[in-house]
Amino acid sequence: MPIKSVAIIGAGIAGLTAALSFARHGIDCDIIEQAGELTEVGAGLQISPNAARILATLGVLPAIEARWTEPVSVELASGKSLATLLSLPVGAVARTRWGAPYGVLHRSTLQSALLQTVTDNPLCRLHLGKRIENATVDVIVATTFRDHDLIVGADGVWSAARFAVPAAPTATFSGNVAWRFTVAANAVPSAINKSAVTAYLGSGGHIVAYPLKEVGG
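Numbering of the sequence shown is given in the numbering used here, commencing with residue 28 and proceeding in unit increments.
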C-alpha cells in the first residue's frame with residue numbers, strides 16, 4: 028500500500044528532517060511536539076559532507092551555510108601536551124574532495140533552519156504543545172484529526188513511541204557520558220586552535236573543541 032500520510036512524533040532534528048524527506052516525495056506529514064515552542068537548546072554540531080548533501084537536497088543548506096563556520100582542518104591532539112598528532116584538511120578541500128562542505132554550527136541554528144523549511148512546506152503541519160504518552164493510532168488521530176499510513180517515532184531516548192512497538196528494545200545506559208557546552212570566544216584558552224575541529228585525546232576520554240559563529244567563534 029502506498030504511503031500518502033505520515034505522523035511524526037517529535038520535532039527535533041530527526042523529526043523535522045524526516046518530515047522534509049517525506050514531503051519531498053509528496054507525502055503529507057503531521058509533526059507532533061510536546062514543547063509549546065522550539066527553543067534554542069543544545070550546543071555545537073558538526074555537519075559532514077554526506078549530511079550537507081542531504082540538507083542541500085531538502086533545501087536547508089543555503090540557510091545554514093550563511094551562519095556556520097567551515098573549519099580549516101580536523102585535528103587529533105595529545106590531551107597532555109596539546110601537541111598535534113594528526114591534521115586532516117577540510118574547508119575548501121572538503122568541497123573539492125567530497126563535493127559538499129563540512130561545517131560546524133550551533134544545534135539551534137540547524138533546528139531553526141529546518142523549522143522554517145518545514146513551516147514553508149504546504150505538506151508539513153506542526154502541532155506544538157501536544158504530548159504523546161501512549162502512541163496508539165487513536166491517540167494520534169485525536170491529536171492531528173487525520174488518519175495516517177505510518178507513524179514515525181522521533182521522540183528521543185525517552186521515546187513513548189518505542190513502547191508501542193512489540194518487543195522493542197529498551198534504552199540501556201552504555202556507561203559513557205558526554206558533556207556538551209559552549210564558551211564565549213573571548214574566554215577560550217589561547218592554546219585552542221580556533222580555526223579547526225580538534226579532538227584532545229586522553230586516557231578513557233577526550234575533549235572536542237571547534238568554533239561557533241553563534242558565540243563569536
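Ideal Cβ positions, reconstructed from N, Cα and C, are used throughout, including at glycine.
{"Query": "D57 vs L150 beta-carbon contact at 8 Å", "Result": "no"}
{"Query": "T225 - partner residues in DSSP beta bridges", "Result": "E102, A236"}
{"Query": "C-beta atoms of G106 and I219 nearer than 8 Å", "Result": "no"}
{"Query": "Extent of the continuous alpha helix (DSSP H) to which D147 belongs", "Result": "134-147"}
{"Query": "Unbroken alpha helix (DSSP H) run spanning R152, endpoints", "Result": "No alpha helix (DSSP H) contains R152, which is instead part of the beta strand (DSSP E) from 151-154."}
{"Query": "Of the residues A45, A46, A70, the one placed nearest A205, counting alpha carbons only", "Result": "A70"}
{"Query": "Outcome for W95 when other beta-carbon atoms lying within 10 angstroms are tallied against a minimum of 16", "Result": "buried"}
{"Query": "For P76 and W125, the rounded distance between their alpha carbons", "Result": "7 Å"}
{"Query": "Nearest-angstrom Cβ-Cβ length linking A223 and V101, presumed shorter than 8 Å", "Result": "7 Å"}
{"Query": "Stretch-stretch touch, CB-based, cutoff 8 Å, three pairs: the segment 178-198 with the segment 77-87", "Result": "no"}
{"Query": "For D55, the residue or residues it bridges with in DSSP", "Result": "S32"}
{"Query": "Span of the beta strand (DSSP E), counted from its first residue to its last, around I178", "Result": "177-180"}
{"Query": "Top-ranked residue by Cα proximity to T264, from A198, R134, T197, R173", "Result": "This structure gives no information on residue 264, because the portion of the chain shown stretches from 28 to 244."}
{"Query": "Length of the line joining the Cα atoms of L47 and P29", "Result": "18 Å"}
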